[in-house]
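Using UniProt numbering, the first residue of the sequence shown is number 1, and each one after it goes up by one.
We treat Cβ as the ideally placed atom computed from N, Cα and C, and that holds for glycine.
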Amino acid sequence: MSRTLSKGEATREAILDAGIALAREFGLAALTIGELAERAQMSKSGVFAHFGSKEELQLAVLRAAQGRFDESVSRVAFQTPRGLARLRELFSRWLSWSAARPQPGGCLMLAAASEFDDRPGLVRDYLAKQQLGWLEGLQRTVSYAIEATELPADTDTEQFAFELFGLILSTHHHARLLNDDRYFRAAQAGLERLISAPPRRNPTHP
Numbered sequence: 001m002s003r004t005l006s007k008g009e010a011t012r013e014a015i016l017d018a019g020i021a022l023a024r025e026f027g028l029a030a031l032t033i034g035e036l037a038e039r040a041q042m043s044k045s046g047v048f049a050h051f052g053s054k055e056e057l058q059l060a061v062l063r064a065a066q067g068r069f070d071e072s073v074s075r076v077a078f079q080t081p082r083g084l085a086r087l088r089e090l091f092s093r094w095l096s097w098s099a100a101r102p103q104p105g106g107c108l109m110l111a112a113a114s115e116f117d118d119r120p121g122l123v124r125d126y127l128a129k130q131q132l133g134w135l136e137g138l139q140r141t142v143s144y145a146i147e148a149t150e151l152p153a154d155t156d157t158e159q160f161a162f163e164l165f166g167l168i169l170s171t172h173h174h175a176r177l178l179n180d181d182r183y184f185r186a187a188q189a190g191l192e193r194l195i196s197a198p199p200r201r202n203p204t205h206p
């Protein structure tokens with residue numbers, strides 16, 4: 001049974017919901033305490049009391065967005081038995097989350113990574129850490145398929161995860177910019193090609 005939020009926690013959650021919506025629509029860099037206060041129908045001082053600075057606000061919004069991603073994608077997919085079934089479920093949910101129409105701007109984490117890849121600071125550091133952690137998680141998921149003998153023992157898990165991530169990035173870009181759902185099918189086909197002909201490790205580089 002979920003815990004009932006206090007008034008302060010509920011207010012913070014409402015602010016973060018508004019922050020995620022604003023960041024998806026206009027970009028994380030454009031997210032300010034003033035803009036968020038207007039969207040959340042609060043005073044600037046009220047919003048400031050929860051975050052203290054623009055950077056802390058941006059980080060809080062990213063953490064909230066990551067939490068929603070984990071709840072909708074990772075936690076559900078990880079209930080699937082290890083192996084290709086879990087890999088396919090994870091990819092399908094990730095794909096839907098990243099480029100689905102109901103989300104203005106698509107996946108906030110992917111969009112923010114493009115915004116902040118050349119901007120040193122805590123926001124970039126957070127995004128880089130999350131991406132590295134996600135790539136490691138993808139590699140583990142591929143490793144489980146190897147352990148289940150559903151992929152060859154010499155499958156290059158790092159290269160597999162890299163190409164999987166590339167399929168998501170390409171779909172996010174094309175589906176949203178070109179407004180064409182065919183790219184979802186193309187991404188699924190790309191996954192099946194990876195599974196049928198996975199990248200192999202170089203014998204001299206284990």
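I need the straight-line Cα distance from Glu150 to Ser92, nearest angstrom please. 18 angstroms
Can you tell me whether Phe51 is helix, strand or coil according to DSSP? helix
Name the two residues that bound the continuous alpha helix (DSSP H) containing Thr141. Leu122 to Glu147
For Asn202 and Leu194, the rounded distance between their alpha carbons: 17 angstroms
Leaving out five residues before and five after Leu110 in sequence, what residues of the same chain have Cβ atoms less than 8 angstroms from its Cβ? Ser98, Ile168, Leu169 and His172
Flag Ile146 as yes if its beta-carbon sits less than 8 angstroms from any beta-carbon of chain D, otherwise no. The question asks about chain D, but that chain is absent: this structure has only one protein chain.
List the endpoints of the continuous alpha helix (DSSP H) containing Arg200. Counting along the chain, Arg200 falls outside any alpha helix (DSSP H), and DSSP gives it neither H nor E.
For Leu62 and Tyr144, believed in contact at Cβ under 8 angstroms, the rounded distance: Wrong, their Cβ atoms sit about 28 angstroms apart, outside the cutoff.
Could you check what DSSP says for Thr155 in three-state terms: helix, strand or coil? strand
Kindly list the residues whose CB is nearer than 7 angstroms to the CB of Ser96, restricted to its own chain and excluding five residues on each side of it in sequence; keep chain order. none
How big is the Cα-Cα spacing for Leu84 and Ser72? 19 angstroms
Shortest alpha-carbon distance to Leu177 belongs to which of Glu136, Met42, Thr80 and Gly105? Gly105
Which residue marks the beginning of the alpha helix (DSSP H) containing Glu71, and which one marks its end? Here Glu71 belongs to no alpha helix (DSSP H), and DSSP marks it neither H nor E.
Please say whether Thr157 and Gln139 have beta carbons closer to each other than 8 angstroms? yes
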